[in-house]
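Going from the first sequence to my numbering is simple: count from 1 and add 261. See structure below.
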Amino acid sequence: MIPIQIIRENPEEVISRLAIKNIDATDALSQIISLDDQRKETQRKMDDLLSQTNTLAKEIGNLYKLGKREDADALKEQNTQLKENAKMLEVQLSEIQEALQSALIQLPNMAHLSVPKGKSANDNQVVRECGEIPLLSESAQPHWDLATRFDLISFDLGSKVTGAGFPFYKGQGARLQRALINFFLDEAIAAGYHEIQPPLLINEDSGYGTGQLPDKEGQMYHVGIDNLYLIPTAEVPVTNIYRNVILNKSDLPVKNVAYSNCFRREAGSYGKDVRGLNRLHQFDKVEIVQIAEPSQSYQILDSMIEHVARLLTKLELPFRILRLCGGDMSFTSALTFDFEVWSAAQKRWLEVSSVSNFESFQANRMKLRFKDETGKTQLAHTLNGSALALPRIVAALLENHQEENRIRIPAALVGYTGFEYITLPNT
RNA sequence: GGAGAGAUGGCAGAGUGGUCGAUUGCGGCGGUCUUGAAAACCGUUGACCUUCACGGGUCCGGGGGUUCGAAUCCCUCUCUCUCCGCCA
Numbered sequence: 262m263i264p265i266q267i268i269r270e271n272p273e274e275v276i277s278r279l280a281i282k283n284i285d286a287t288d289a290l291s292q293i294i295s296l297d298d299q300r301k302e303t304q305r306k307m308d309d310l311l312s313q314t315n316t317l318a319k320e321i322g323n324l325y326k327l328g329k330r331e332d333a334d335a336l337k338e339q340n341t342q343l344k345e346n347a348k349m350l351e352v353q354l355s356e357i358q359e360a361l362q363s364a365l366i367q368l369p370n371m372a373h374l375s376v377p378k379g380k381s382a383n384d385n386q387v388v389r390e391c392g393e394i395p396l397l398s399e400s401a402q403p404h405w406d407l408a409t410r411f412d413l414i415s416f417d418l419g420s421k422v423t424g425a426g427f428p429f430y431k432g433q434g435a436r437l438q439r440a441l442i443n444f445f446l447d448e449a450i451a452a453g454y455h456e457i458q459p460p461l462l463i464n465e466d467s468g469y470g471t472g473q474l475p476d477k478e479g480q481m482y483h484v485g486i487d488n489l490y491l492i493p494t495a496e497v498p499v500t501n502i503y504r505n506v507i508l509n510k511s512d513l514p515v516k517n518v519a520y521s522n523c524f525r526r527e528a529g530s531y532g533k534d535v536r537g538l539n540r541l542h543q544f545d546k547v548e549i550v551q552i553a554e555p556s557q558s559y560q561i562l563d564s565m566i567e568h569v570a571r572l573l574t575k576l577e578l579p580f581r582i583l584r585l586c587g588g589d590m591s592f593t594s595a596l597t598f599d600f601e602v603w604s605a606a607q608k609r610w611l612e613v614s615s616v617s618n619f620e621s622f623q624a625n626r627m628k629l630r631f632k633d634e635t636g637k638t639q640l641a642h643t644l645n646g647s648a649l650a651l652p653r654i655v656a657a658l659l660e661n662h663q664e665e666n667r668i669r670i671p672a673a674l675v676g677y678t679g680f681e682y683i684t685l686p687n688t
């Protein structure tokens with residue numbers, strides 16, 4: 262939610278920054294400002310009346326004490342009348358507030374000025390390419406075939422026991438998963454992040470806090486009997502820790518890292534993009550989340566990008582970094598960089614991380630603030646990024662590092678897997 | 001799952017219908033004293049809306065109600081604690 266003060270103070274900036282996301286907010290803003298005017302006006306009138314009723318109530322109390330019962334009764338009647346008027350205004354006010362809130366909540370976050378204009382993923386800007394794209398032999402296989410041949414992952418068992426998109430990891434496949442999780446967590450801890458293990462189910466309030474609700478409801482698994490949602494990312498529980506919290510300036514930046522399973526319904530996905538590990542309903546991810554002072558958030562965004570780049574370099578995977586264009590960005594983000602690794606056998610780029618600065622958009626929704634040096638409370642900035650999501654990393658590791666009859670584990674990971682090569686079963 | 005108790009400011013903890021946004025203690029901040037610190041003493045100390053300001057309004061877990069007037073009474077939801085049951 263864009264803070265109303267920003268809209269009031271600087272509507273032109275809001276309009277132009279929303280235009281980067283291909284949104285014409287001119288009408289919406291003037292509607293919002295007029296609703297806000299009505300809100301103030303109505304509230305002022307109501308406060309006036311309440312002030313009068315408060316004064317009268319005190320007088321009545323005094324009159325009773327003095328034994329002037331008739332005078333008191335007369336005032337009582339007067340006060341009842343005032344109270345009724347105040348009640349009417351209260352109803353009006355809550356209607357106006359509801360309309361204002363729903364208008365505000367429909368506005369996406371403003372794009373940062375560095376965001377390129379554009380409509381789709383084709384307009385994203387490649388800002389960096391790192392690593393060498395491996396030349397594989399003719400017999401190189403995509404990861405789903407490797408996973409079967411080396412007996413690492415069973416998609417069929419997943420379908421049998423749960424459904425498509427819920428694979429079983431087995432043997433060296435399972436150990437590789439565990440190794441990656443520990444590697445990512447240790448790297449984050451070394452970079453100063455604080456490890457958190459969050460719950461995997463969240464309530465409705467948390468869904469609103471980070472913006473999954475109301476509009477992305479269909480993307481989450483819902484446990485109806487308890488009205489809880491399975492988390493689509495650890496970002497949701499980890500950021501919502503700070504819902505309705507006022508931090509001290511000295512607490513910032515808050516740097517948290519969490520490993521979790523992630524659950525996504527991925528309604529509407531289909532085709533070759535979802536083959537194998539490319540798109541799952543349940544997957545593992547290590548997420549980094551920071552809460553920062555506004556003046557530092559972009560510097561912190563850079564440091565998060567370097568952190569993710571370092572992980573991919575250590576895993577010896579060729580990758581590129583994209584600056585997302587306005588049309589490809591999420592509703593809540595102000596600036597997003599995507600990381601893609603090259604999948605050598607599929608011959609395509611796979612998105613493995615998305616690092617974003619939300620500025621005060623999430624903070625405003627969930628009332629996450631901090632006290633600055635003058636003792637004033639103001640909204641903090643929130644940032645998060647995947648560091649990293651496992652399935653496509655596994656896909657790329659298997660494909661890019663495949664050799665004749667084995668798959669090489671990158672050196673940085675050997676201490677975690679306990680083996681240097683994935684080998685064929687029964688050899 | 002059954003029975004009971006409770007939810008008040010950063011924390012602890014008073015307050016059971018009238019001047020209570022709330023006694024007090026701790027903590028925090030500022031000051032006196034001190035070479036410095038501690039102790040002691042004095043002062044100060046919540047959030048939100050509105051206003052240039054003065055001021056006004058809202059908030060005692062959430063929501064609703066009774067009343068001229070609610071932290072205090074009633075309804076409801078959520079959460080916490082104790083006991084019993086079940087259980088990794």
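Heads up, the beta-carbon is just placed ideally off N, CA and C, and yes, glycines get one too. Note that the structure is predicted; figures quoted are calculated from it, not measured.
Cβ atoms of residue j and residue i: under 8 Å apart, would you say?
| i | j | result |
| --- | --- | --- |
| GLY472 | THR643 | no |
| ASN645 | VAL550 | yes |
| ILE457 | GLY434 | no |
| LEU461 | SER521 | yes |
| ASN661 | LEU578 | yes |
| ALA440 | THR684 | no |
| ASN370 | PHE619 | yes |
| ALA289 | ALA605 | no |
| MET262 | ILE394 | no |
| ALA641 | GLU554 | yes |
Can you check which of these residues, the options, is closest to residue i by C-alpha distance?
| i | options | result |
| --- | --- | --- |
| ASP412 | ASP334, GLU338, LEU659 | LEU659 |
| ARG669 | SER312, ALA360, LEU407 | LEU407 |
| THR316 | THR494, ARG653, GLN292, LYS344 | LYS344 |
| LEU368 | PHE598, ASP285, LEU489 | ASP285 |
| PRO686 | LEU361, ASP297, ARG410 | ARG410 |
| LEU583 | LYS282, ALA382, ARG278 | ALA382 |
| THR597 | ASP308, GLY588, ALA605 | GLY588 |
| ALA280 | CYS586, ASN618, THR635 | CYS586 |
| GLN607 | ILE561, VAL422, LEU538 | LEU538 |
| LYS527 | PRO514, GLN543, VAL518, ALA495 | Note that residue 527 is Glu in the sequence shown, not Lys. For the residues PRO514, GLN543, VAL518, ALA495, the minimum Cα distance to GLU527 belongs to GLN543. |
| GLU338 | THR314, ALA360, LEU350 | THR314 |
| GLU320 | HIS404, HIS455, ALA335 | ALA335 |
| SER564 | ALA595, PRO395, VAL616, TRP603 | VAL616 |
| SER591 | ASN283, GLU274, ILE276 | ASN283 |
| LEU374 | ARG609, GLU601, ARG278, ASP487 | ARG278 |
| GLU351 | ILE566, GLN304, ALA673 | GLN304 |
Please go through the same chain and pick out, in chain order, the residues whose beta-carbon is closer than 6 Å to the beta-carbon of residue i, but skip the five residues on each side of it.
| i | result |
| --- | --- |
| PRO428 | ILE414, PHE416, GLY419 |
| LEU576 | PRO671 |
| CYS391 | PHE580 |
| ALA657 | LEU578, VAL602, SER604 |
| THR574 | none |
| ILE502 | none |
Using the Cα positions of residue i and residue j, report the straight-line distance between them to the nearest angstrom.
| i | j | result |
| --- | --- | --- |
| TYR482 | ASN625 | 26 Å |
| ASP466 | SER621 | 18 Å |
| ARG300 | ILE357 | 6 Å |
| ALA372 | ILE268 | 14 Å |
| LEU572 | ILE265 | 39 Å |
| ALA451 | TYR682 | 26 Å |
| LEU489 | LYS326 | 54 Å |
| GLY424 | ALA570 | 34 Å |
| ASN323 | GLU331 | 13 Å |
| GLY485 | GLN557 | 41 Å |
| SER363 | VAL675 | 52 Å |
| ASP297 | THR500 | 29 Å |
| MET307 | GLN353 | 10 Å |
| SER614 | LEU310 | 55 Å |
| VAL422 | LEU541 | 15 Å |
| GLY426 | PHE444 | 24 Å |
| HIS404 | VAL602 | 14 Å |
| LYS380 | TRP610 | 19 Å |
| LYS637 | SER355 | 28 Å |
| LEU474 | VAL388 | 32 Å |
I'd like the list of long-range same chain contacts for residue i, defined as Cβ closer than 8 Å, with 5 residues on each side in sequence excluded.
| i | result |
| --- | --- |
| GLN438 | TYR430, ASP545, LEU651, VAL655 |
| ALA449 | GLU456, VAL518, VAL547, ILE549, HIS568, ALA648 |
| ILE294 | ILE268, ARG269, PRO272 |
| ALA360 | LEU296 |
| ARG708 | Residue 708 lies beyond the residue range present for the chain, which begins at 262 and ends at 688; the question has no answer from this structure. |
| CYS523 | ILE492, PRO493, THR494, ALA495, GLN543, PHE544, ASP545, LYS546, ALA650 |
Excluding five sequence neighbours on each side, which residues of the same chain lie with their C-beta closer than 7 Å to the C-beta of residue i?
| i | result |
| --- | --- |
| GLU634 | LYS510 |
| PRO498 | PRO459, PRO460, ILE463, SER467, ILE492 |
| GLY479 | ARG526, ALA528 |
Quick test of the definition: if touching needs 3 or more C-beta pairs under 8 Å, does the segment 490-507 touch the segment 623-641? Short answer: they touch.
Taking 8 Å as the cut-off, does the segment 337-351 touch the segment 543-559 (at least 3 CB pairs, one atom from each stretch)? Counting Cβ pairs under 8 Å, fewer than three are found: no touch.
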